[in-house]
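K.L.:
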Amino acid sequence: LGLAISKHLLDLHGGAIEAYSRGRSHGSTFKLTLDAVTKRTEKSGVDSQTPRKPAKSLRILLVEDHSDTRQTLSRLLTHFGHQISVADNTQSALKIMGSQEFDVVLSDIGLPDGSGYEVISQAKRKQPVKAVAITGFGTDEDIRRGKAAGFDFHLVKPIDLHELRNVLDQVAV
Numbered sequence: 284l285g286l287a288i289s290k291h292l293l294d295l296h297g298g299a300i301e302a303y304s305r306g307r308s309h310g311s312t313f314k315l316t317l318d319a320v321t322k323r324t325e326k327s328g329v330d331s332q333t334p335r336k337p338a339k340s341l342r343i344l345l346v347e348d349h350s351d352t353r354q355t356l357s358r359l360l361t362h363f364g365h366q367i368s369v370a371d372n373t374q375s376a377l378k379i380m381g382s383q384e385f386d387v388v389l390s391d392i393g394l395p396d397g398s399g400y401e402v403i404s405q406a407k408r409k410q411p412v413k414a415v416a417i418t419g420f421g422t423d424e425d426i427r428r429g430k431a432a433g434f435d436f437h438l439v440k441p442i443d444l445h446e447l448r449n450v451l452d453q454v455a456v
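Per my numbering, residue 284 is the first one in the sequence shown, and the count goes up by one each step.
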């Protein structure tokens with residue numbers, strides 16, 4: 284996930300990333316290259332450095348047990364202009380949903396005290412909410428099971444940030 288996010292950010296700034304390792308037990312070296320001065324514009328003529336605002340700000344519950352992933356996604360979603368609440372397990376997610384309303388629940392499926400399937404089935408019973416699976420499980424059977432549990436979208440880790448943003452833009456309409 285870290286490399287995917289780094290590559291996405293570097294792509295936005297016209298940069299590049301390279302990785303090198305001499306092999307096992309020698310560590311890795313990452314080289315980031317950025318232009319010191321750039322005036323890139325996309326085909327639409329919009330300055331690529333201008334942050335794109337979402338169609339509307341969404342209230343998002345992020346349920347993710349891996350702390351680095353949770354923190355990174357939370358910051359990124361906040362940067363996208365959304366209001367974020369976070370939970371690191373099933374019980375805390377259910378408690379938060381009992382006291383707040385959300386437009387979207389982004390949930391990992393494998394959680395330490397249950398599963399994202401439980402979180403989403405409970406969320407859908409309590410309020411009309413869109414559900415997005417963010418998971419390492421990506422087989423056709425996993426996607427089918429997610430749909431059956433109530434997930435509206437299924438994103439496989441490492442998450443493509445453009446795809447995540449497109450999903451959230453669809454929800455925001």
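Note that the Cβ used here is the ideal one computed from N, Cα and C, for glycine as well.
Note that the coordinates shown come from a computational prediction; the quantities given were computed from them, not determined experimentally.
If I follow the unbroken alpha helix (DSSP H) through Gln-453, where does it start and stop?
P.N.:
444 to 455
K.L.:
Helix, strand or coil for Lys-339 per DSSP?
P.N.:
coil
K.L.:
Opposite Ile-300 in the DSSP bridges: which residues?
P.N.:
Leu-315
K.L.:
One question on the structure: do Ser-311 and Ala-302 come within less than 8 angstroms of each other, judged by their Cβ atoms?
P.N.:
For Ser-311 and Ala-302, yes; Cβs fall inside 8 angstroms.
K.L.:
Put Gln-366 into one of helix, strand or coil per three-state DSSP.
P.N.:
strand
K.L.:
Based on the DSSP output, what are the partners of Phe-436 in its beta bridges?
P.N.:
Val-415
K.L.:
Distance check for Leu-292 and Ala-432, CA to CA, integer angstroms please.
P.N.:
33 angstroms
K.L.:
Can you grab the Cα-Cα spacing for the pair Val-454 / His-309, in whole Å?
P.N.:
45 angstroms
K.L.:
What span of residues does the alpha helix (DSSP H) with Ser-404 cover, start to end?
P.N.:
399 to 409
K.L.:
Between Pro-411, Leu-344 and Ser-340, which has its C-alpha nearest His-362's C-alpha?
P.N.:
Ser-340
K.L.:
Tell whether a beta-carbon distance below 8 angstroms holds between Ala-415 and Leu-344.
P.N.:
Correcting the residue identity first, residue 415 is Val in this sequence and not Ala. The answer is no: Cβ separation not under 8 angstroms.
K.L.:
Find out if the Cβ-Cβ distance for the pair Leu-377, Ile-367 is shorter than 8 angstroms.
P.N.:
no
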